[in-house]
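Residue numbers (the working numbering), protein chains in the order written: chain A, 5 to 288; chain B, 23 to 333. A virtual CB, placed ideally from N, CA and C, is assigned to each residue, including glycine. Since this is a predicted model, take the numbers as computed values, not measurements.
So, in structure tokens, the structure goes:
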């Protein structure tokens, strides 16, 4: 009998191959490149108009805030896209195989159930991490090449976006071991919505000094850390300018701490282990 | 360590609070046998197979596959399986599909390279070896599934309804494949509704109902003594069929002059003939024959049903 690592890697390669054969990789890359191109063209023309106007009186601080705002807008969309793509690609990865009985031929082999779950997680994690890194570094590179502006802590920010994707991956994979594909999709998007609304409630509560509202935001972040991770990444990649101080998708009025990032790591490991345990008990 | 290929001890599966799928399966299949697992719909056949292969967790009881407990994944090393609802990763080509499953069986690259072309040839899919499974018909998918099940030269193979999607040529092919596997020493566990298939391929069968083995043995052992007799009479007077039920079981009217029934043994034939003549019913022909597996199935299941009703 071959070892657990070999089994995990077989399932990981199968996940890659499925993504390639179903054209997920090509669609993701082509549309991702299109997104970066549209962003770059938009920024280029905005930059040209801005520099023309700035020669009439804007100072360099305002220029930096403009670049930062534009970049954060692009990264905010990427944050959203990464979570959506993660949920849509992972939502049926196990429930779909159970629903179609494809799992029978796989799970009857001499391998442990957790090896299937970990193999799928690893395959998706690698693909989604590459996707998030390419998109985020694409818009950062576009802004840098056009304007010379590089956000602070860019690598950390990108790493946090990857972590956000892994959070969405792990919780959706767990759902895929419990629910049908449709129910899991509803669950994953509702959790994301909860985290999204919770994040806004926390920001507004922080602005108004409402502890109850802040607490609601914290609880929602603990349930689904995606939005809070985005705010952490956004805070890291801004210079504390105006946009970071007002209530916006990029605001950092109530900043998650580094301990929260550690919590997100625990959350990923915990949901992944839960997925393995649940799948071990499943009958199909 | 036991020498049996399969041993189960009061294996039981209950879904939810009280939906009993398998009441308590106790069974032994010796190595090298071609074993038929028979029962009506809902008898617990597929659930039993799934428990043995780790797809369904037993509620109680235990079982050994090739001497190892079924809770140990190593019990499935060298165990092939063709599922009843064969659905595979249809975006894979036939050879890629077999290569994937060869890897999951732990076969080396050299073993896979040697075995896959041979099996593709054996199941008659040489022309389609490089085509994606999404282009395969139901019968072709069943053939490739059969090749998958036989990939590791299994010591034990479970075939769950292996001919359900096949035409008569495909069924003959499956029959040949089973015989070839058996000749190589593979134990075959065949779960099929097609009793004619089971009859010609299996060395031993078990009849189950509600997940309990009612009878097990060779077909000759199970039908010992029983005779199915076809009577050709001058006429079928009113009440004759009811009277014949006193002589044997499964009385069946074939047409207005012919009737068949199962007698406990051949010794009853002269008495039955004398009785019919005594009743004024001319007997033109009396043709005894050994019970087919299908007749045996009906006989055993009917008998079990009556015992259950009486209890």
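By the criterion of Cβ-Cβ separation under 7 Å, what are the contact partners of residue i in chain B?
i                      : result
residue 6 of chain A   : 128
residue 112 of chain A : 75, 76, 77, 98, 103
residue 288 of chain A : 77
residue 25 of chain A  : 113
In this structure, does DSSP put residue i in helix, strand or coil?
i                      : result
residue 164 of chain B : helix
residue 201 of chain A : helix
residue 92 of chain B  : coil
residue 323 of chain B : helix
residue 282 of chain B : strand
residue 59 of chain B  : strand
residue 46 of chain B  : strand
residue 259 of chain A : coil
residue 37 of chain B  : strand
residue 220 of chain B : helix
residue 216 of chain A : helix
residue 304 of chain B : coil
residue 292 of chain B : helix
residue 127 of chain B : coil
residue 269 of chain B : coil
residue 67 of chain B  : helix
residue 258 of chain B : coil
residue 300 of chain A : This structure cannot settle anything about residue 300 of chain A, because the visible part of chain A is limited to 5 through 288.
residue 194 of chain B : helix
residue 188 of chain A : helix
Which residues in chain A have a C-beta closer than 9 Å to the C-beta of residue i? List them in chain order.
i                      : result
residue 110 of chain B : 106, 109
residue 170 of chain B : 109
residue 215 of chain B : Simply none; closest approach about 18 Å.
Could you give the first and the last residue of the continuous beta strand (DSSP E) run that contains residue i?
i                      : result
residue 53 of chain B  : Element bounds for residue 53 of chain B: n/a, residue is neither H nor E.
residue 255 of chain B : 249–255
residue 229 of chain B : 226–231
From the DSSP output, which residues share a beta bridge with residue i?
i                      : result
residue 97 of chain A  : Residue 97 of chain A pairs with nothing; no bridge assigned.
residue 85 of chain B  : B:30
residue 209 of chain B : B:178
residue 154 of chain B : B:115
residue 309 of chain B : B:252
residue 235 of chain B : B:230
residue 275 of chain B : B:281
Along the alpha helix (DSSP H) that carries residue i, what are the first and last residues, could you check?
i                      : result
residue 141 of chain A : 117–151
residue 32 of chain A  : 28–58
residue 264 of chain A : 262–285
residue 98 of chain B  : Premise fails: residue 98 of chain B is in no alpha helix (DSSP H) and is neither H nor E.
residue 20 of chain A  : 8–25
residue 109 of chain B : Counting along the chain, residue 109 of chain B falls outside any alpha helix (DSSP H), and DSSP gives it neither H nor E.
residue 231 of chain A : 230–240
residue 139 of chain B : 131–144
residue 168 of chain A : 158–182
residue 243 of chain B : 241–244
residue 109 of chain A : 106–111
Would residue i pass as an interface residue toward chain D - the criterion being a Cβ-Cβ separation below 8 Å?
i                      : result
residue 285 of chain A : Annotation note: the requested chain D is absent from the structure, which comprises protein chains A and B.
Please list, in chain order, the chain A residues whose beta carbon lies closer than 7 Å to that of residue i.
i                      : result
residue 95 of chain B  : 114, 115, 116
residue 162 of chain B : Chain A residues near residue 162 of chain B: none, gap ~16 Å exceeds 7 Å.
residue 125 of chain B : 14
Using a C-beta to C-beta distance shorter than 8 Å, which residues of chain B count as neighbours of residue i?
i                     : result
residue 31 of chain A : Chain B residues near residue 31 of chain A: none, gap ~15 Å exceeds 8 Å.
residue 18 of chain A : 111, 122
residue 22 of chain A : 111, 113
Listing by chain order, which chain A residues have their CB less than 8 Å from the CB of residue i?
i                      : result
residue 47 of chain B  : What residue 47 of chain B touches in chain A: nothing, since even the nearest Cβ is about 16 Å away.
residue 107 of chain B : 105, 108
Which residues in chain B sit within 9 Å of residue i, going by Cβ to Cβ distance?
i                      : result
residue 259 of chain A : Going along chain B, no residue has its Cβ under 9 Å from residue 259 of chain A, so there is no contact; the nearest lies around 45 Å.
(message) Within 8 Å, do at least three Cβ pairs link the region 181–198 of chain A to the region 105–113 of chain A?
(response) Short answer: they don't touch.
(request) Answer yes if the region 143–155 of chain A comes into contact with the region 198–216 of chain A, meaning at least three C-beta pairs across the two stretches below 8 Å, and no otherwise. (result) Segments in contact, no.
(message) When you compare the region 85–96 of chain A with the region 177–196 of chain A, are there three or more beta-carbon pairs, one atom per stretch, that lie closer than 8 Å?
(response) Judged by Cβ distances under 8 Å, the region 85–96 of chain A makes contact with the region 177–196 of chain A, as three or more pairs qualify.
(message) Whether or not the region 99–108 of chain A and the region 84–92 of chain B are in contact is what I'm after, with contact meaning three or more pairs of Cβ atoms, one per stretch, closer than 8 Å; do they touch?
(response) Touching, no.
(request) Would you check if the region 105–123 of chain B and the region 134–141 of chain A touch, i.e. whether three or more CB-CB distances between them fall below 8 Å? (result) No: fewer than three Cβ pairs fall under 8 Å.
(request) Count the CB pairs spanning the region 230–244 of chain A and the region 78–86 of chain A that are closer than 8 Å, and state whether there are at least three. (result) With the cut-off at 8 Å, the region 230–244 of chain A and the region 78–86 of chain A touch.
(request) May I ask you to verify whether the region 160–176 of chain A touches the region 201–213 of chain A, counting CB pairs closer than 8 Å and requiring at least 3? (result) At 8 Å Cβ cutoff, the stretches do not touch.
(request) Would you be able to state if there are at least three C-beta pairs under 8 Å between the region 272–284 of chain B and the region 242–255 of chain B? (result) Taking 8 Å as the limit for Cβ pairs, the verdict is that the region 272–284 of chain B does touch the region 242–255 of chain B.
(request) Assess, as a yes-or-no matter, whether the region 123–136 of chain B is touched by the region 119–128 of chain A under the definition of 3 or more beta carbon pairs within less than 8 Å. (result) Result no; under three Cβ-Cβ pairs closer than 8 Å.
(message) Quick check: the region 43–55 of chain B against the region 265–274 of chain A, are at least 3 beta-carbon pairs closer than 8 Å?
(response) Below 8 Å, too few C-beta pairs join the region 265–274 of chain A and the region 43–55 of chain B to call them touching: fewer than three.
(message) Closer than 8 Å is the cut-off here; do at least three beta carbon pairs connect the region 35–49 of chain A with the region 8–23 of chain A?
(response) These segments do not touch.
(message) Could you check whether the region 63–75 of chain A touches the region 151–158 of chain A, counting it as contact only if at least three pairs of C-beta atoms, one from each stretch, sit closer than 8 Å?
(response) Between the region 63–75 of chain A and the region 151–158 of chain A, the count of Cβ pairs shorter than 8 Å is three or higher; the stretches touch.
(message) Count Cβ pairs between the region 217–224 of chain B and the region 195–205 of chain B that sit closer than 8 Å; are there 3 or more?
(response) Three or more Cβ pairs drawn from the region 217–224 of chain B and the region 195–205 of chain B lie within less than 8 Å of each other, which places the two stretches in contact.
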